[in-house]
Each structure stands twice: as structure tokens, then as C-alpha cells.
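>
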Amino acid sequence: MSAPKVDLRHYNNDYQRTLDTTRDAPITKSSSNPNVDTLHQCRNLSENQVYHLTPEAQFRPRGVQCSIANRFCQRFGGHDSSRKIISQFHGTSFPLSSDRILHPLHLLPQLSPSASDSAYNTSNIASNTLGTTDRITQTNNYDPQLLTPNKPDAASAPSLAYAMATIGVAYFWVGPLIVVFWYNTWHLTELYVFSDHTEVSTWTCAVFGYSILTLASCFQAKLSTLVSAIAIQELRYLMSLVYTYVLALACVSQWRGLWALEDVYLGVTVTGVATSAGVAAILLLLLRCYQSTVGAPAVVKPDSPLDSYFTFSTYFGMKSNSLSLVWDSLFTVLLTASFVITVWRGVWESMDLHFFPKNATKTGLLSLVISYGLMIVLSLCQDKVSQLSAYLDKVHWLLKLILEDFVYIVQSIICITYLRGFWVLLNEYDLYRPWSLWVCHVTSYLLLTASKTAQNLVVFTIIVCLDRIVFLIATKTRLRVYY
24 MSAPKVDLRH YNNDYQRTLD TTRDAPITKS SSNPNVDTLH QCRNLSENQV
74 YHLTPEAQFR PRGVQCSIAN RFCQRFGGHD SSRKIISQFH GTSFPLSSDR
124 ILHPLHLLPQ LSPSASDSAY NTSNIASNTL GTTDRITQTN NYDPQLLTPN
174 KPDAASAPSL AYAMATIGVA YFWVGPLIVV FWYNTWHLTE LYVFSDHTEV
224 STWTCAVFGY SILTLASCFQ AKLSTLVSAI AIQELRYLMS LVYTYVLALA
274 CVSQWRGLWA LEDVYLGVTV TGVATSAGVA AILLLLLRCY QSTVGAPAVV
324 KPDSPLDSYF TFSTYFGMKS NSLSLVWDSL FTVLLTASFV ITVWRGVWES
374 MDLHFFPKNA TKTGLLSLVI SYGLMIVLSL CQDKVSQLSA YLDKVHWLLK
424 LILEDFVYIV QSIICITYLR GFWVLLNEYD LYRPWSLWVC HVTSYLLLTA
474 SKTAQNLVVF TIIVCLDRIV FLIATKTRLR VYY
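Here the numbering used here runs 23 ahead of the position in the sequence shown, where the first position is 1.
Encoded structure:
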């Protein structure tokens, strides 16, 4: 494959002689004599593009000619070369985190980099000097004069075959394996953790699960640094597998512990189950993290790269190595995660009480029919729902908020009925215990590891939508449908 072509028409002759156009070390340089306006640089890691534009040229309409000083938009190929870009301006390097999109970096007319303290965690966002933000993109065909606002591209949209394949993998491969792992791990803890004393067993599982998850959240940065320092890649990969397995055990223990404790102290009645689930759901909606109740198979993701494998989100997103992260982790694990478990328990046990309580086969099949049926309906209607969401946002933000929360509730019902259907059927036809529990436990984890989806076993990440809080202020947000 030939090296990427670089258009040198708008660069200074002194820079032309030193410009490296190889794929291994791509370098993009700006003019040594820019105009008096501040240059703006924004890199999109997924598209491997660097934009050098003055603020007034960032959103110039298509077809309008740009001045020579504004033609600093150049496409390049290869890996991260931002350090080299900055070093050409002032002879210094700029600390860059490789696991996120490069935040907007403003270069002064003297070509001295200004180290911005705010790191934007959004993609494809260019901020101008006035503080406003707009979503931008560049066409696939290189055009150094044009940088147009982002528009839907039919060619880049996933095809129907790709969407069907994704749904098939999620609902017929990853989803069943996750249910098998959770089911067998759950019953293994019942069998081996103080099986003669139910209350002691549940308390033990709860303490183990909450402790491991809290420690993992507090020390995620140190653990990531420790593993990254290991030179042997195979050893790092092995440690990541062990880490995922321990967190999966902790998640199952946490869920079983709190679930059983609520059964013991709150009882399994129609009123008690509905009340606890309703209160937990309202609190999650007010905290803007009801989306955390949505898991596999509605949301299935591949395993993260090793450099970000040991990090996960918390509610407030506090920085690592700080006391605030400890309180943030405690709030995330003890409160928000517990609310998620309570919602699942309420919906699950309500179905146990109303859907053929004396016929396990019928109630399991009915749960699967509900799950697959809602999945098909939501998949077919997602484009219309997105259009309706955009329309409601123009009418009133509260209407859009209600629609988004309704979609999240439907997605959570899809997940709960899906897991319950397989769970009930496994419980009905599970034979040859305890050997079948061990075999299915190990096999399901190995298969998920081989398919690079083992991290979906860990249902711990809290998804927060703090850009739309009912009791604060209305801001714009986006509807995300995971099909």
C-alpha cells in the first residue's frame, strides 16, 4: 500500500522539504506565517483527520471559497502524531491521552501551544473562540477548502444485513452465554457459600460483592497503571481475563446478596415488590441514570483495549487518585447499583406472581416472547422514534425527556424478560448438579472470552445522563437506541 498523499499547495516551501509523508510517522505542519487570527486544531481519531482552520472558516458553507490562510485542513494516515504536530510549532511536546478524542487545542499566532485544562470527552466537536460548539465532519473525498456541518450520510449508515447480524449475535450468542454464566454462578454460590444458613450466605455474598466492586472502582487507575507497565502482552491479557472473572463473580454475589436480603426483609408480595421497584425506579429517573438498568442483550459491546480495560465510569466521574473518587465509588456501588437491582427484582418477581406461577415452561416461554417481540418492534421503529424525539425537543424539552425515559423503560423490560425466560427454563431442565453447574460456568466464560465479549458479564457501569435533570435546567441531549 502506498504512502498517503499530502497536498503541499498551501504550505510554506521551508516546510515542504521537511514534511514526512510516510505512514509510520505522518507529520502535518501549518504555515510559518499564519494570519493574525487564532488557529484552531481539532483531531478526530476515528477518521484520522487534522483540521487547521481559523474560527471564521470552521463552518464556512459548502461552495464558498476560503482564503489561502484558512486552507489548513489536511487528511493524513497512520497513528497518533499529535505530539509531532505540536513539536513543529514550538519545539515542545504536549501531553496527550491516547484513549480519548483530542480536546480542542488553540494555537496562538506565535505558534506556541496553549495547554488547555479542560478535556472534552465528546467526539467530532469543534469549539470556536466564541465558546459555541457545533458538530462537524469532513467528506470522504479530500477537499482542502471545505469543512461542512455534519449531515446524515446514507452510505455510512449500517446496512440491514449488518443490523440483523448484530442483533443475531447479541440475542442468540452473547445473551444466552451471559444467562448461562450468571445462572450457574448464582447457584454455585447457593451451593458452596454457607448453604445451611440462607441468611448468612446472602450477607456473605453481599459483603463480598460490594467490597470487591468498591475497591475496583477506587483503585482502577492504579491497577491500570500497574498492568500497563508489564512488558509482556500475553501476561497483561491474562491479568485482564482474571480481572474480568473476579468482577463477574463480584457482580453475581452483589446481585444475589441484595436480591435475597430484600426477599427476606421485604417479602415477596405483590404490594411489597411493586412498592420497592417503583421507589427505586423513581430515584433512578431523578438521578438520570435509569439507563443503567439496560444491559445485555439490548446493549452488547466488545471488550475494551488493554489500555482502558480496567477503567469504568462512576456516577459523578471524579478524577482518579483523589478522596472524592472514594465517595463517588461508594455512592455508585451502594446506592445507584442497588436501585438497579431493586428495579430488576421488582419486575422479575411481579412476573413470577402473575405469569403462570405454577407452570415454569409457559412462564419462561412467555417471557422470551415478550422480550423478542419488544425487540423487533423497537428495532423497526427506532428511526421514527428518533425523528419524534427531535420534533418533541423543538416543542418542549420535557416531552422529549418523557419519550427517552419511556424508551429506556422498554429496553429494561426487554432485558429483564430475556434473562428471566432463559433462567426459568434452565432452572426447569437443569440436571446432573453440581457437575452441570461447573461445566456450564467454565464453558460460558471461555466462549465469551474467545468472542471478545466477556466484559458484558460485569453489569456494574453506571450510565448517567446529567445533561437533562428534571429539577435543574433543560439542555439539549440525544436519544440513543441500541439496536
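Heads up, the beta-carbon is just placed ideally off N, CA and C, and yes, glycines get one too.
Taking all protein chains shown into account, do 16 or more other C-beta atoms lie within 10 angstroms of the C-beta of Gln256, making it buried, or fewer, making it exposed?
Classification for Gln256: exposed.
> In three-state DSSP terms, what is Phe217?
It is coil, neither helix nor strand.
> Excluding the 5 residues preceding and the 5 following Tyr468 in the sequence, name in chain order all residues of the same chain whose CB lies nearer than 8 Å to its CB.
Contacts found: Phe204, Tyr268, Ala271, Ala477 and Leu480.
> Can you give me the Cβ contacts of Ile253 inside the same chain, cut-off strictly under 6 Å, excluding the 5 residues immediately before and after it?
Only Arg259 meet the Cβ criterion.
> Is it buried or exposed for Val202, if we count other Cβ within 10 angstroms and need 16 for buried?
Buried, since its Cβ has 16 or more Cβ neighbours within 10 Å.
> Put Arg514 into one of helix, strand or coil per three-state DSSP.
With the chain covering only 24 through 506, there is no way to say anything about residue 514.
> Do the segment 356-364 and the segment 221-240 make contact, defined as three or more Cβ pairs closer than 8 Å?
Yes, the segment 356-364 is in contact with the segment 221-240.
> Hey, would you say the C-beta of Thr227 is under 7 Å away from at least one heavy atom of the ligand FAD?
Ligands in the displayed structure: none, and consequently the ligand FAD is not present.
> If Phe231 sits next to Ser276, beta carbons under 8 Å apart, how far is it from one beta carbon to the other, in whole angstroms?
Rounded, the Cβ-Cβ distance is 5 Å, consistent with contact.
> Hey, quick one: how far does the alpha helix (DSSP H) through Lys324 stretch, first residue to last?
Element bounds for Lys324: n/a, residue is neither H nor E.
> Based on Cα-Cα distance, which residue from Thr384, Leu214 and Gln434 lies nearest to Trp458?
When only C-alpha atoms are compared, the closest one is Leu214.
> So, with DSSP's three-state summary, where would you put Ile364?
Reduced to three states, the DSSP call for Ile364 is helix.
> Comparing C-alpha positions only, which one of Gly191, Phe242, His464 and Trp461 sits nearest to Ser347?
Ranking the options by Cα distance to Ser347, first place goes to Phe242.
> Relative to the C-alpha of Thr386, which candidate in Phe429, Val465, Trp371 and Pro328 has its C-alpha closest?
Comparing Cα-Cα distances from Thr386 to each of Phe429, Val465, Trp371 and Pro328, the minimum goes to Trp371.
> For Gly198, which residues in the same chain have their Cβ closer than 7 Å to its Cβ, ignoring the five residues on either side in sequence?
Only Ala319, Pro320 and Tyr441 meet the Cβ criterion.
> Taking three-plus beta-carbon pairs below 8 Å as touching, is the segment 279-299 in contact with the segment 402-418?
The segment 279-299, when compared against the segment 402-418, does not touch it at the 8 Å Cβ threshold.
> Where does Arg279 sit, in a helix, a strand or coil, going by DSSP?
Helix.
> Tell me the rounded alpha-carbon separation between Met262 and Ile432.
Cα to Cα, the separation comes out at about 36 Å.
> Would you mind reading off the limits of the alpha helix (DSSP H) that contains Cys404?
Ala383 to Val418 is the span of the alpha helix (DSSP H), which, as asked, contains Cys404.
> With a threshold of 16 other CB atoms inside 10 Å of the CB of Gln249, please say whether the residue is buried or exposed.
It should be noted that the sequence gives Leu, not Gln, for residue 249. Leu249 should be labelled exposed.
> For Val223, count the other beta carbons within 10 Å of its own beta carbon; 16 or more makes it buried, fewer makes it exposed. Which is it?
Exposed.
> Using only CA atoms, which one of Ser345, Cys312, Leu401 and Ala300 lies nearest to Ala244?
Measuring from the Cα of Ala244, the nearest candidate turns out to be Ser345.
> Can we say the segment 438-456 touches the segment 383-398, given the rule of at least three CB pairs closer than 8 Å?
These segments touch.
> Residue range of the alpha helix (DSSP H) that Ile253 falls in?
Element bounds for Ile253: n/a, residue is neither H nor E.
> Classify Pro132 as helix, strand or coil using the three-state DSSP reduction.
Here Pro132 scores only 32 on pLDDT, less than 50, and its place in the model is too uncertain to base an answer on.
> Could you work out which residue in Met398, Leu307 and Leu388 is closest to Phe445 when comparing CA atoms only?
For Phe445, the nearest C-alpha among the options comes from Leu388.
> Since Thr292 and Trp367 are thought to touch, with beta carbons under 8 Å apart, how far apart are those beta carbons, to the nearest angstrom?
Contact doesn't hold; Cβ gap of about 17 Å is too wide.
> Count the other C-beta atoms from every protein chain shown that fall within 10 angstroms of the C-beta of Ala184, then say buried if there are 16 or more, exposed otherwise.
Answer is exposed; the Cβ neighbour count stays below 16.
> Considering only residues of the same chain and omitting the five flanking positions on each side of Lys451, which have a CB-CB separation below 8 Å?
Here residue 451 turns out to be Glu, not Lys, going by the sequence shown. Result list for Glu451: Ala383, Thr384 and Gly387, in chain order.
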